[in-house]
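I have placed the structure first, in the form of structure tokens, so that the comments after it can refer back to it.
There are 4 protein chains.
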Amino acid sequence: MLSVGVVGGTGYTGIELLRLLIMHPQVELKYVTSRSEAGTKVSDLFPNLREHTDIEFTVPDIDTLSECDIVFFATPNGTAMKMVPDLVAKGCRVIDLAADFRIKDQAVWEHWYGMDHACAELLSEAVYGLPEINREAVRDARIVANPGCYPTAVTLGFLPLIENGLVEDQHLIADAKSGISGAGRGANVAMLFSETNESFKPYGVAGHRHLPEIRQTLGNIAGHDVGLTFVPHLLPMIRGIEASLYAVLNSTGTDLHELYARRYAAEPFVDVLPEGSMPETRSVRGVNMCRISVFQPQGGDTVVVSSVIDNLVKGAAGQAIQNMNIMSRLPETEGLVHPALLP
Amino acid sequence: MLSVGVVGGTGYTGIELLRLLIMHPQVELKYVTSRSEAGTKVSDLFPNLREHTDIEFTVPDIDTLSECDIVFFATPNGTAMKMVPDLVAKGCRVIDLAADFRIKDQAVWEHWYGMDHACAELLSEAVYGLPEINREAVRDARIVANPGCYPTAVTLGFLPLIENGLVEDQHLIADAKSGISGAGRGANVAMLFSETNESFKPYGVAGHRHLPEIRQTLGNIAGHDVGLTFVPHLLPMIRGIEASLYAVLNSTGTDLHELYARRYAAEPFVDVLPEGSMPETRSVRGVNMCRISVFQPQGGDTVVVSSVIDNLVKGAAGQAIQNMNIMSRLPETEGLVHPALLP
Amino acid sequence: MLSVGVVGGTGYTGIELLRLLIMHPQVELKYVTSRSEAGTKVSDLFPNLREHTDIEFTVPDIDTLSECDIVFFATPNGTAMKMVPDLVAKGCRVIDLAADFRIKDQAVWEHWYGMDHACAELLSEAVYGLPEINREAVRDARIVANPGCYPTAVTLGFLPLIENGLVEDQHLIADAKSGISGAGRGANVAMLFSETNESFKPYGVAGHRHLPEIRQTLGNIAGHDVGLTFVPHLLPMIRGIEASLYAVLNSTGTDLHELYARRYAAEPFVDVLPEGSMPETRSVRGVNMCRISVFQPQGGDTVVVSSVIDNLVKGAAGQAIQNMNIMSRLPETEGLVHPALLP
Amino acid sequence: MLSVGVVGGTGYTGIELLRLLIMHPQVELKYVTSRSEAGTKVSDLFPNLREHTDIEFTVPDIDTLSECDIVFFATPNGTAMKMVPDLVAKGCRVIDLAADFRIKDQAVWEHWYGMDHACAELLSEAVYGLPEINREAVRDARIVANPGCYPTAVTLGFLPLIENGLVEDQHLIADAKSGISGAGRGANVAMLFSETNESFKPYGVAGHRHLPEIRQTLGNIAGHDVGLTFVPHLLPMIRGIEASLYAVLNSTGTDLHELYARRYAAEPFVDVLPEGSMPETRSVRGVNMCRISVFQPQGGDTVVVSSVIDNLVKGAAGQAIQNMNIMSRLPETEGLVHPALLP
């Protein structure tokens, strides 16, 4: 049994992590921390867990957390970086679901996140936890930077094209749409039901924090900087991301569906749909799966990829557990295989 | 391993049954039938099952179905009654998720369902599959009539009061609200997104088919006919039923919360909430659970009960599997314990 | 032209009031106040008003407001009572959309609203602005207490029964459901999209502030205290209230539909539906209308009434303008007649 | 007063047209036809119109319709073309909200719509009713082809760029999202609430009927064929379209916001938002308005335009009335100016 701690269990990625950890047959959940809710039973805050755990929130503490094999951070940006050095020094392995270790370039991180980095010396060691490109490095990582939700959907969608140099990569377009749970569980007028239902809008066109993260990963794959326009939008639904990706092909001879099917054939959590069918977000609701379709409309030179995930699962908590399984030599799919709820 | 068949796998109770059967560790799913979809892979129709089953829809056939230990009917009303006599004659046990065997009085059934009953001789043998009142009878039943969704929520809510004769039972009120999946997966203008979102309404005030079913069960418990006003309403959401129940107390001395807590203490799928808290439907989404609160506002002589279920799970497919577990001497909770998806 | 001011224009009743006042042909909107948004153009906060007004929020000020013929308060409870005495002293007439003047009994008000009343001497003078019962008194009122949203739906639904003494009025039941805009535009985790969509729940069973208000009005109509159980619920939609009302008839001979149709025949904003049809909230979305149906299921002795309004219109801003029209000798329907948006 | 007839009043564009015509001060609504609902009062089918009209559906008939000054067709594709020749011969003027007269090239139309055209000789005469480009031609048209919903949003969004030759126009991208009312009011499993809520997906990637329509218009503006990739998506909401448009700039010196502001300064129904703000669909719900923002993220060479409309208003019925006003020498905004309902 793995001994596991969760720092920050009151947000949406935290509660989703708890749901998945509770169902995981190889996990003993030892600590769930929350400064504001210390002493409260987790199931008093989240009644869906009433029959499943008696654990209480505790105040985060390095000494007790370091008893765990793996500590997850489901905290706001800037929290993990203050505790991670002490935890790894004590032999803990850490998976950060926030952004503290995602960007390798300290200056870029500090620019986009608007704060000083507290442990920049660990940035180079941290492994970007997208198993489909970094599985081997994750295996022995002490610190895993769990990818952002948009970056997961966009990167997996562009990956086969970029790896194979098939597209003009200075004008990539990612038109992405996310359910509202992506904005977190904080009190926020803009995310009230009455502000968001029956409406749709783009946001962050001028620059979203996931842009440098996606550029970094795609650039690493391409071997040079790529040009990407990334426009996120807010969907009137709770869970789900769809990214529609556009690029101009360098040549038009490749069977794109076959390319994608082959690239992801061995991946347990990427599903390339049959030719002609299109993914819908509900087919991945609550499950650790990315479904992808690739099109070449009217046989032209523009490729269209649609990639869907549940932002809280393959885009956060599920991918974190996938990383935990890899780090712990468990079967990668352990605790992560169940059908999505439909309808 | 139990060998299981599902007749009618294309509706919402059918697909939910498939999802739950796939996750059940003791079930081998042998047949899923659909006349209209015969030859299609189930996962082509429901992509959430893509990684989970390769089974195809087949034409329903008594001989092949009778190889199964248990056959579920997730068909429209009036279908099961035509096949059940042959199946039980061949030694199959049957769980009907439709209404064919719910009403003991043939004339009442024919009045409300507007057709002749094809095997009225089996009505007395069929067991009404609400485990909380009929667990022993379910154990050895050949035919289980799985309760309706509204009747499950309403009956479990009123049960402790009626059993103990605590309320004036000629003027019971059940104000019930259901998500739209309760109306099924048929093409129907009234259930289009654009007709139902951002709206709410009562329906069936003049008489809903679940009224005689609830009256029959409550009457059996009371030992005499009860008077019930039942008003269903349509909620702009997919899953979930909430029933608010009202009755006048015969006397006001009883600790109602304690009464409910005690009545359901041993029930794995009924959860009486702590005093003062109220159930929300999302806390049971996708899971086989009924959560109940009981109130006596301002200490008066009116009792208010709120009872929530997922109409497709404890109100249909989950309860059917609970009955299957009981019939098969499996642990009653086998395959039915996982936390609801939240948010 | 009426000269009008609005105190508190940033909440949902405020913005709805602005929308309706802008469309009103006899109104000149002089001031819209907001301490937090002073200096901002109203249309910068609410882009739906971009083509319709250039007015800016100002700091509330008695001297400038008193230039208006009518001042509306769309403020939190406890604000109007501090400004109203000075405004009426200066000759202004006031319509308070909050609760400060709704309850005649100061002690009851202070108990339910948890604060001292700042001008209790004006409580007896204030007129409860439900035109269907108080039209004449509204005409010359200096202070109109605009009714709460639930009280409007419930009172109009019970009115013909209580006026005529047709029901046992010690055990009235009001099972009411409201869209989420009723909770206001404040930052509130519980009203986030991700907390409320795809869910439904009762709340305030132990006691909601609208309970004493409804009891006061129904008691006045009955000529004695009535017994009422009032259970509000939260609907996953923005606008709309449906109240399902239940009572036991004293006798069963009355043609209830005819009674309701006659009672409301001359009322421009109450619509009794044809026998057998049921109201849906979307049919009143955005409009000042209460639609009502009355039933006597199975010809029994229980009467069921369903009453729907838009909580922000007939339940707040529209009714306020209806009162303004009455106070100002304008046609009562002026500026209030347009079809609901459907779908 | 204009005398007006509506052929096909039971779909969503039909009912929206009725709502807007009823509010129009210069219109007398003479006929509303529906074969299936002939004899039914319009307000029995659509209760939101109960206080507003007593008109009944009638069987469509050329002789009675030809008494009207203007006849609107809110019918499925292929209906108008059978009646229009007779109506114009009798002196009627026609506005077709379906697609029968949108495409000038008969072969292209027949390819995409899968039927023979019944009056191809009128295609060249018909005027494409996008007032922002064809106002003068609309004025004297006998037949106006009211634009599709997606084409309206996409064309108005690209227009200033294409008119001025500012972008590489062989690789235009239009990522468009529509509410579900765009799919019409027909019984259709795929548009049930339970199939569409809490989900999002692309569709029609291989080729949507609005693609040739957009290409035709943009090509006319450019003076040569343009290359366009058009991907529509289905939003879990009733009304609203957002189109995010992407193109590579030929040069980067132009002030794009200023260009858009100037191009649409005199247009009553196109609103270019202040720099830095982004449109949301709810700000145009129920109103005849297109709101547009233009961005040049990170100062690069890619331009991003976001354009929102209500698909049933500026995308259908509202634009049709705008065309009617132009054709009838009424003020273009007559009957079309009211703020959107918000929230």
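Residue numbers (this note's numbering), protein chains in the order written: chain G, 13 to 355; chain H, 13 to 355; chain P, 13 to 355; chain B, 13 to 355. Just so you know, even glycine gets a beta-carbon here, dropped at the ideal spot from N, CA and C. If you're wondering where the values come from, they're calculated on a predicted model, not measured in any experiment.
Sequence-distant residues of the same chain with beta carbon closer than 8 Å to H/D237, five excluded per side: Excluding five sequence positions before and after H/D237, the CB atoms of its chain that fall closer than 8 Å to its own CB belong to R227 and G231, given in chain order.
For G/D283, count neighbouring C-beta atoms within 10 Å of its own C-beta (all shown protein chains included) and say buried if the count is 16 or more, exposed if not. By the neighbour-count rule (16 or more Cβ atoms within 10 Å), G/D283 is buried.
Of all the alpha helix (DSSP H) runs that stay within the bounds of the stretch 72–98 of chain G, which reach a length of 4 or more residues? With a minimum length of 4 residues, the continuous alpha helix (DSSP H) runs that stay inside the stretch 72–98 of chain G are 74–77.
Which partner residues does H/I174 have in the DSSP bridge list? None, per the DSSP bridge assignment.
Three-state secondary structure (DSSP) at H/P143? In the structure shown, H/P143 adopts helical secondary structure according to DSSP, grouped into three states.
Taking only the alpha-carbon atoms, compute the straight-line gap between B/H245 and H/A186 and give it to the nearest angstrom. Using only the alpha carbons, I get a separation of about 41 Å.
Tell me which residue opens and which closes the alpha helix (DSSP H) that P/G330 is part of. That run of the alpha helix (DSSP H) goes G330 to M339.
Consider the Cβ of G/Y43: report whether some Cβ of chain H lies at a distance smaller than 9 Å. It does not: the Cβ of G/Y43 has no partner Cβ on chain H nearer than 9 Å.
Rounded to whole angstroms, what is the Cα-Cα separation between H/T164 and H/V44? The straight-line gap from Cα to Cα measures roughly 26 Å.
Just the C-alpha distance for H/G347 and B/F170, rounded to the nearest angstrom, thanks. When rounded, the distance between both Cα atoms is 55 Å.
For B/V320 and G/L33, what's the separation of their Cα atoms in angstroms? Cα-Cα distance, rounded: 42 Å.
Evaluate the contact criterion for the stretch 244–264 of chain B versus the stretch 310–319 of chain B: three or more CB pairs, one atom per stretch, below 8 Å. Judged by Cβ distances under 8 Å, the stretch 244–264 of chain B makes contact with the stretch 310–319 of chain B, as three or more pairs qualify.
Element boundaries [alpha helix (DSSP H), containing B/L222]: Note that residue 222 of chain B corresponds to His in the displayed sequence, not to Leu. Note, B/H222: alpha helix (DSSP H), H222 to A234.
State whether the stretch 115–134 of chain B contacts the stretch 50–66 of chain B, with contact taken as three or more CB pairs (one from each stretch) at a distance under 8 Å. With fewer than three CB-CB distances shorter than 8 Å, the stretch 115–134 of chain B does not count as touching the stretch 50–66 of chain B.
Express the C-alpha separation of B/L353 and G/S206 in angstroms, rounding to a whole number. Here the alpha carbon of G/S206 sits roughly 12 Å from the alpha carbon of B/L353.
Cα-Cα separation between H/G298 and H/K326, rounded to whole angstroms: Going from the Cα of H/G298 to the Cα of H/K326 covers about 9 Å.
Reduced DSSP secondary structure (H/G/I, E/B, other) of H/R274: DSSP, reduced to helix, strand and coil, places H/R274 within a helical segment of the structure shown.
Contact set between H/H183 and chain P, taken where Cβ atoms lie within less than 7 Å: Those within 7 Å of H/H183 in chain P are V260 and T314.
For H/A50 versus H/T25, is the C-beta distance shorter than 9 Å? No, these two residues do not count as a Cβ contact at 9 Å.
Is the Cβ-Cβ distance between P/L178 and P/S263 less than 9 Å? Yes, the Cβ-Cβ distance between P/L178 and P/S263 is below 9 Å.
Entirely within the stretch 118–163 of chain P and at least 3 residues each: give me those beta strand (DSSP E) ranges in chain order. Here the runs fully enclosed are 155–157.
Can you tell which of B/D117, B/V96 and B/N89 has the C-alpha that lies nearest to the C-alpha of B/L77? Distance check between B/L77 and each of B/D117, B/V96 and B/N89 places B/V96 closest, using alpha-carbon atoms only.
Collapsed DSSP secondary structure at P/F113 in the structure displayed: Correct three-state label for P/F113: coil.
Specify whether the stretch 214–225 of chain H and the stretch 270–288 of chain H touch according to this definition: at least 3 beta carbon pairs, one from each stretch, less than 8 Å apart. Flag = no, the stretch 214–225 of chain H and the stretch 270–288 of chain H do not touch.
Just to confirm the assignment, what range does the beta strand (DSSP E) spanning G/T208 have? No beta strand (DSSP E) contains G/T208, which is instead part of the alpha helix (DSSP H) from F205 to T208.
How far does the alpha helix (DSSP H) with P/V243 in it extend, from its first residue to its last? Unbroken run through P/V243 is the beta strand (DSSP E), L240 to L246; no alpha helix (DSSP H).
Backbone secondary structure at P/I34 - three-state DSSP: Correct three-state label for P/I34: helix.
Terminal residues of the alpha helix (DSSP H) in which B/V217 lies: Unbroken run through B/V217: none, as it is neither H nor E.
Proximity test, Cβ basis, 9 Å: G/V317 and chain A: The structure shown contains no chain A; the protein chains it does contain are G, H, P and B.
Who are the neighbours of B/F84 on chain P, taking C-beta pairs under 8 Å? One finds nothing in chain P with a Cβ atom closer than 8 Å to the Cβ of B/F84; even the nearest lies about 17 Å away.
Below-9 Å beta-carbon distance, G/E210 vs any chain H residue: Residue-level contact check: G/E210 touches chain H, since one or more beta carbons of chain H fall below 9 Å from its beta carbon.
Expressed to the nearest angstrom, what Euclidean distance is found between the alpha-carbon atoms of P/V243 and H/S318? Taking the straight line joining both Cα atoms gives about 10 Å.
Short check: CB of G/V150 to CB of G/F84, under 9 Å? Contact flag unset, no.
Give the residues of chain G in contact with B/I250, contact being defined as C-beta atoms less than 8 Å apart. Residues of chain G with a Cβ closer than 8 Å to the Cβ of B/I250 are, in chain order, E210.
9 Å Cβ cutoff, H/F307 in contact with chain G: Not one chain G Cβ lies under 9 Å of H/F307.
Smallest Cα separation from P/D75: which of P/M93, P/L57, P/V100 and P/A273? Comparing alpha-carbon positions, the option among P/M93, P/L57, P/V100 and P/A273 lying closest to P/D75 turns out to be P/V100.
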